[in-house]
Amino acid sequence: MSRSLRVHPEYIDQVKLALKRNGYPRQKDLAEELEISLSTLNNYLNGRPVDNLNFQEISEKLGQDWKAIALLDQESTPSNSNVNPDPWKPDLDQDESIPDVDYYVERPPIETTCY
């Protein structure tokens, strides 16, 4: 599971209604009570990614089942086969190869230019 979750688009209206139904006339009131930033709550209410812990706390406070309203990773991120699994290895086509280099350029440490 990723570090963040977001509200499924189907449930955004339901979550916004739960805010008023639970006695929070303003988003700021709930944010202050949960001791989270207003932008975090706003992200939650608009279906943008929020940290797992914050997502669960907000959902619980609004009387929502966080597992039911969460947009899971499989649904939110399409699989991308073009991603290089090892970022330290160059992404080369089959016909390309790393050129052989017979020389090394030594560079002096930065300290020599500072003094």
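Each residue of the sequence shown is one higher than the one before, starting from 27 at the first, in my numbering. We treat Cβ as the ideally placed atom computed from N, Cα and C, and that holds for glycine.
Since L31 is in the beta strand (DSSP E), which residue starts that stretch and which ends it? Within the sequence shown, numbered from 1, the residue matching residue 31 stands at position 5. Note, L31: beta strand (DSSP E), S30 to V33.
Applying the 10 Å Cβ sphere with the 16-neighbour rule, what's the burial state of N69? Here the question's residue 69 lines up with position 43 in the sequence shown. N69 comes out buried.
Checking 8 Å against the spacing of the C-beta atoms, do V41 and L71 come in under that value? For the purposes of this step, residue 41 is taken as the residue at position 15 of the sequence shown. For the purposes of this step, residue 71 is taken as the residue at position 45 of the sequence shown. The answer is yes: Cβ separation under 8 Å.
CB-CB under 6 Å to Y50, same chain, minus the five flanking residues each way: which ones, in chain order? Within the sequence shown, the letter at position 24 stands for residue 50. Contacts found: L56.
Below 8 Å between beta carbons: does that hold for L45 and L88? For the purposes of this step, residue 45 is taken as residue 19 along the sequence shown, with counting starting at 1. For the purposes of this step, residue 88 is taken as residue 62 along the sequence shown, with counting starting at 1. A contact, by the Cβ cut-off of 8 Å.
Just tell me which of Y129, N80 and I95 has its CA closest to the CA of N58. Against the sequence shown, residue 58 aligns to sequence position 32. The displayed chain sequence assigns Glu, not Asn, to residue 58. Comparing Cα positions, the closest option is N80.
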